[in-house]
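Trainee: Chains A and B, in that order, give the protein sequences. Residue 111 in my numbering sits at position 111 of the first sequence, with consecutive numbering throughout. Residue 189 in my numbering sits at position 189 of the second sequence, with consecutive numbering throughout.
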Amino acid sequence: MFFSELNQIVKFALQSFFRNIWLSVVTITIVVMALFSISSLSVFNLLTQHVLTVVENKTDVFIDLTKDATATQAQTLVDELQKLPAIKEAQFITPEQTLVNFRERHKDNQVIIQSLNALSENPFRGSIRLNVHNIEDFPIILEELSKKEYADYLQIEDSEFADAKLLISGISDYSKKIQQTGLVISLIFLLIAILVVFNTIQVGIYTHREEIGIMKLVGASNHFVRSPFLIEGAMYSFIGVFILALLIYPLMSVVQPYVDTFFKEYTINLTSLVNQNFIKFFGGQLLVAIVITMISSYLAVRRYIKV
Amino acid sequence: MIELINVSKFYKPNTNALKDVNLNIGAGEFVSIVGQSGTGKTTVIRLIIAEEKPTAGQIIIGGWDITKIHDREIPFLRRQIGVVFQDFKLLPKKTVFENIAFALQTCGVPTVRIRHIVPQVIKIVGLEGKEDRYPFQLSGGEQQRVVIARSLVHKPKLLVADEPTGNLDSINSLEIIDLLKKINELGTTVVLVTHDRDVVNSLKRRVITIDQGQIIGDQSKGRYIL
Numbered sequence: 001m002f003f004s005e006l007n008q009i010v011k012f013a014l015q016s017f018f019r020n021i022w023l024s025v026v027t028i029t030i031v032v033m034a035l036f037s038i039s040s041l042s043v044f045n046l047l048t049q050h051v052l053t054v055v056e057n058k059t060d061v062f063i064d065l066t067k068d069a070t071a072t073q074a075q076t077l078v079d080e081l082q083k084l085p086a087i088k089e090a091q092f093i094t095p096e097q098t099l100v101n102f103r104e105r106h107k108d109n110q111v112i113i114q115s116l117n118a119l120s121e122n123p124f125r126g127s128i129r130l131n132v133h134n135i136e137d138f139p140i141i142l143e144e145l146s147k148k149e150y151a152d153y154l155q156i157e158d159s160e161f162a163d164a165k166l167l168i169s170g171i172s173d174y175s176k177k178i179q180q181t182g183l184v185i186s187l188i189f190l191l192i193a194i195l196v197v198f199n200t201i202q203v204g205i206y207t208h209r210e211e212i213g214i215m216k217l218v219g220a221s222n223h224f225v226r227s228p229f230l231i232e233g234a235m236y237s238f239i240g241v242f243i244l245a246l247l248i249y250p251l252m253s254v255v256q257p258y259v260d261t262f263f264k265e266y267t268i269n270l271t272s273l274v275n276q277n278f279i280k281f282f283g284g285q286l287l288v289a290i291v292i293t294m295i296s297s298y299l300a301v302r303r304y305i306k307v
Numbered sequence: 001m002i003e004l005i006n007v008s009k010f011y012k013p014n015t016n017a018l019k020d021v022n023l024n025i026g027a028g029e030f031v032s033i034v035g036q037s038g039t040g041k042t043t044v045i046r047l048i049i050a051e052e053k054p055t056a057g058q059i060i061i062g063g064w065d066i067t068k069i070h071d072r073e074i075p076f077l078r079r080q081i082g083v084v085f086q087d088f089k090l091l092p093k094k095t096v097f098e099n100i101a102f103a104l105q106t107c108g109v110p111t112v113r114i115r116h117i118v119p120q121v122i123k124i125v126g127l128e129g130k131e132d133r134y135p136f137q138l139s140g141g142e143q144q145r146v147v148i149a150r151s152l153v154h155k156p157k158l159l160v161a162d163e164p165t166g167n168l169d170s171i172n173s174l175e176i177i178d179l180l181k182k183i184n185e186l187g188t189t190v191v192l193v194t195h196d197r198d199v200v201n202s203l204k205r206r207v208i209t210i211d212q213g214q215i216i217g218d219q220s221k222g223r224y225i226l
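1. Between A/ASN117 and A/SER272, what straight-line distance do the alpha-carbon atoms span, to the nearest angstrom?
2. Which same chain residues end up closer than 6 Å to B/THR67 when comparing Cβ atoms and leaving out the 5 residues on each side of it in sequence?
3. Please report the distance separating the alpha-carbon of B/GLN214 from that of B/SER8.
4. Taking 6 Å as the limit between beta carbons, can you name the residues of its chain near A/THR76, skipping five residues before and five after?
5. Residue range of the beta strand (DSSP E) that A/ARG129 falls in?
6. Going by C-alpha distance, which of A/VAL203, A/GLY204 and A/PRO228 is nearest A/MET215?
7. Please name the residue in A/ASN134, A/MET252, A/LEU187 and A/THR293 whose C-alpha comes closest to that of A/ASN275.
8. A/GLU89 to A/GLU144, Cα distance in whole Å?
9. Can you give me the C-alpha to C-alpha distance between A/GLY308 and A/ARG209, rounded to a whole angstrom?
10. Measure the C-alpha to C-alpha separation of A/ILE212 and B/LEU18 and round it to an integer number of angstroms.
11. In three-state DSSP terms, what is A/LEU363?
12. Do A/VAL241 and A/LEU35 have their C-beta atoms within less than 9 Å of each other?
13. For B/PHE102, which residues in chain A fall below 7 Å Cβ to Cβ?
14. Looking only at its chain, what residues have a beta carbon closer than 8 Å to the beta carbon of A/PHE125, apart from the 5 residues adjacent to it on each side?
15. For B/PHE88 versus B/GLN144, is the C-beta spacing smaller than 9 Å?
16. Considering only their Cβ atoms, is the gap separating B/VAL193 from B/ALA161 smaller than 9 Å?
17. In the DSSP assignment, find the beta strand (DSSP E) that holds B/ASP211 and state where it starts and stops.
18. Out of B/LEU91, B/THR55, B/ILE5 and B/GLN105, state which residue places its alpha-carbon closest to the alpha-carbon of A/LYS309.
19. In three-state DSSP terms, what is B/TYR224?
20. Go through the region 138-186 of chain B residue by residue and report every complete run of the beta strand (DSSP E) that reaches 3 residues or more, in order.
21. Mark A/GLN110 as exposed unless 16 or more other C-beta atoms lie within 10 angstroms of its C-beta, in which case mark it buried.
22. Does B/ASP196 pass the burial test, meaning 16 or more other C-beta atoms within 10 Å, or should it be called exposed?
23. Once the 5 residues before and after B/ILE100 are set aside, which same chain residues still bring their CB inside 8 Å of it?
24. At least one CB of chain A closer than 9 Å to the CB of B/GLN120: is that the case?
25. In or out: B/PRO13 buried (at least 16 other Cβ within 10 Å) or exposed?
26. Can you check which of these residues, B/LEU4, B/VAL31 and B/GLU51, is closest to A/LYS306 by C-alpha distance?
27. How is A/THR72 classed by DSSP in three states: helix, strand or coil?
28. Can you tell me whether B/PHE85 is buried or exposed, with buried defined as 16 or more other CB within 10 angstroms of its CB?
29. Give me the chain A residues within the contact set of B/VAL75, using Cβ-Cβ distance strictly less than 7 Å, ordered along the chain.
30. Would you mind giving the Cβ-Cβ distance between B/LEU283 and B/PRO156, rounded to the nearest angstrom? I have them listed as a contact below 8 Å.
31. Check each candidate in B/LEU159, B/PHE102, B/TRP64 and B/GLN212 and name the one with the smallest Cα separation from B/LYS41.
32. Under the rule that 16 or more other beta-carbon atoms within 10 Å means buried, what is B/ALA27, buried or exposed?
33. Are the Cβ atoms of B/ILE61 and B/GLU3 separated by less than 9 Å?
34. Among the residues of its own chain, which have a CB less than 6 Å from the CB of A/SER24, if the five just before and after it don't count?
35. For A/SER186, does the three-state DSSP call read helix, strand or coil?
36. In chain order, what residues of the same chain have a beta carbon less than 6 Å from the beta carbon of B/GLY114, not counting five sequence neighbours either side?
The structure is reproduced here in C-alpha cells:
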C-alpha cells in the first residue's frame with residue numbers, strides 16, 4: 001500500500017510538472033535567477049576572502065634591534081619566537097642584509113645612494129621579520145615580546161610595536177568590515193531571493209486551488225494532496241541548481257580576465273575557487289533552494305487544503 | 001443509512017441555514033431533497049460529506065457519528081460516499097480515465113486493480129471509447145457521467161448528487177436521472193438534491209421539501225409542491 005501510494009504521488013508530481021510545463025519553466029527560471037544572484041555574491045565573497053588572506057600572509061612586521069644586539073642574541077630570540085604557535089615564520093635580518101635590501105630598493109635614487117656612500121659605516125641595525133598565521137594573534141606576540149626577560153636580553157624600541165600595532169589593527173579592521181558588509185549584502189540578497197521564489201510558488205499553487213479542493217472532495221488525504229507539490233518544489237530546486245552549474249562555469253571564464261586585471265598579483269582562478277568549494281557552493285544552494293521551494297509549497301497548499 | 005437529529009447550521013453574521021432538522025433515510029432509498037435556492041438543500045449535502053460541521057445536533061452515516069469527526073478521518077468518510085456535483089469538479093489536466101482512477105489512487109489502490117475497476121464503471125456510465133479525452137473535450141452530460149463514474153469506483157452504499165442536472169439540457173438531464181435510478185436499483189442509496197420540478201415529478205419517489213432551513217414536507221411518492 002505504501003509503495004503503491006508513493007508511486008502514485010511521484011507520478012502525480014511528474015504529471016503536474018510536465019502538463020503545466022510553462023508554469024514549471026517560469027518557476028525554474030525564477031529559481032535560477034535567485035540562485036544566480038546568491039552565487040555571484042558567494043563568488044565575490046570567496047574572492048574577497050582569498051585576497052584578504054593573501055594580503056594578510058604578505059604582511060610582514062619588522063622589529064628593529066638595538067645597535068648593541070649581537071647576531072647570536074638575535075638568533076636566540078628568533079628560536080624562541082618560532083616556538084610560539086601564533087608565529088608562522090621568524091627570520092633574523094642582519095645589518096648587512098638590510099643595507100643590501102635598502103640599496104636594491106633605492107637603486108634608481110642617486111641622492112640616497114650617494115648619501116649612503118658618504119657614510120663611513122653601515123647605518124642600519126639588525127631586525128627580525130615576523131610573519132604570523134593570523135593577524136588577530138599579533139597583539140599576543142607583541143605582548144610576548146614586551147616581557148622583561150626579553151627586555152633584559154635585547155632592547156627593542158617601543159615605536160616599532162606601535163607602528164606594527166597600527167598596521168595590523170588597520171588591516172584587521174578593514175578585513176572585518178569587508179566580511180561584515182559582504183555578509184549583510186548576502187543576507188539581503190538571500191531574503192530577496194526567498195521572497196521572489198516564495199511568491200512564484202504561491203502563484204503557481206494558486207492556479208491549482210480548484211484541483212486541490214476536488215482532490216479533497218473525492219477522498220484524498222492531506223499528505224496525498226500535499227506531497228506531489230512538495231516533490232515538484234524539490235524538482236524545481238534540482239533542475240535550478242543544475243542549470244545554474246551549466247551557466248556559471250562559462251560565465252566565470254568570461255569574467256576571469258577582468259578579475260585578473262583588477263586584482264593583479266592577488267588574482268585567483270575563479271573556476272578552481274568554485275571547484276575547491278564545490279560541496280559548500282552547490283550543496284549549500286541546493287539545500288537553500290529545496291528548503292525555500294518545499295516550505296513555500298507546503299504553506300501555499302495548506303491554504304487550499306481545508307475542504 | 002443517514003440520520004440527522006435536531007441538526008442546525010448557523011452562518012455568521014445572522015443566517016440560519018438549517019433549523020432543528022430531523023431526517024432519516026433508509027438503506028436502498030432514492031430520496032429527492034427539493035426546495036428553492038438558498039433554502040438549505042446544499043447545506044445538508046455539505047454536512048453529510050463533512051465539508052462543514054453542524055452548529056448543533058447529530059449526524060449519523062451508516063452508524064458512524066460524524067458530528068465530531070476528526071480531520072484525519074474525513075478522507076475515509078468521503079471514500080465511502082459517492083458525490084456528484086452540479087459543476088462536475090473534474091480535474092482539468094487529467095483524462096477521463098485518470099479522473100476516475102484518481103479516486104482510487106488517493107487510497108493507494110494498486111495500478112493493476114485500478115486498470116480492472118475503471119473500465120467497469122466507464123461501461124456502466126456509457127463512456128467507452130472516451131477514456132483518453134480531457135474534460136474540455138466532453139459535453140456537459142458526458143462530464144457528469146465521468147463524475148458519476150468517479151463516485152462509483154469505491155462501490156459506495158450512498159450516492160449524494162447535488163443538482164446534477166443543473167448545468168444540463170433536458171435530454172441529458174433525463175439520461176443522468178436514468179443512470180442514478182439504475183445505480184439505485186443496484187442497491188445504492190441515492191440522495192438527489194434538486195430544484196428541477198420535472199425531474200422530481202418524473203421520479204415518483206420519496207420527496208423531502210425544505211424551506212427556510214426547515215423540513216416542510218416528506219412524502220413517500222411525492223411531487224414538487226413549491
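Positions of the beta carbon are idealized from the N, C-alpha and C atoms, including for glycine.
Mentor: Short version:
1. 50 Å
2. Closer than 6 Å at the Cβ level, and outside the excluded window around B/THR67, lie GLN58 and ILE59.
3. One alpha carbon belongs to B/GLN214, the other to B/SER8, and they sit about 9 Å apart.
4. none
5. 127-132
6. When each option's Cα is compared against that of A/MET215, the closest is A/PRO228.
7. A/MET252
8. 15 Å
9. Nothing can be reported for residue 308 of chain A: it is not among the residues displayed for chain A, which extend from 1 to 307.
10. 28 Å
11. Given that chain A is displayed from residue 1 to residue 307, the structure contains no residue 363 of chain A and the question cannot be resolved.
12. yes
13. VAL218
14. Residue 125 of chain A is actually Arg in this sequence, not Phe. Here the set comprises ASP64, LEU65, THR66, LYS67, ALA69, PRO95 and THR98.
15. yes
16. yes
17. 206-211
18. The structure shown does not extend to residue 309 of chain A, since chain A is modelled only from 1 to 307, so the question has no answer here.
19. coil
20. The region 138-186 of chain B is shown to contain whole beta strand (DSSP E) runs of 3 or more residues at 158-162, in chain order.
21. It is exposed - the Cβ of A/GLN110 has fewer than 16 other Cβ atoms within 10 Å.
22. buried
23. VAL118, VAL121, ILE122, VAL146, ALA149, ARG150 and VAL153
24. no
25. exposed
26. B/GLU51
27. helix
28. buried
29. The sequence as given places Pro at residue 75 of chain B; Val does not occur at that position. In chain order: GLY219, ALA220 and SER221.
30. No answer is possible for residue 283 of chain B: it lies beyond the span of chain B, which begins at 1 and ends at 226.
31. Ranking B/LEU159, B/PHE102, B/TRP64 and B/GLN212 by Cα distance to B/LYS41 puts B/GLN212 first.
32. exposed
33. yes
34. PHE17
35. helix
36. Inspection of the sequence shows that residue 114 of chain B is occupied by Ile rather than by Gly. ALA101 and LEU104, listed in sequence order.
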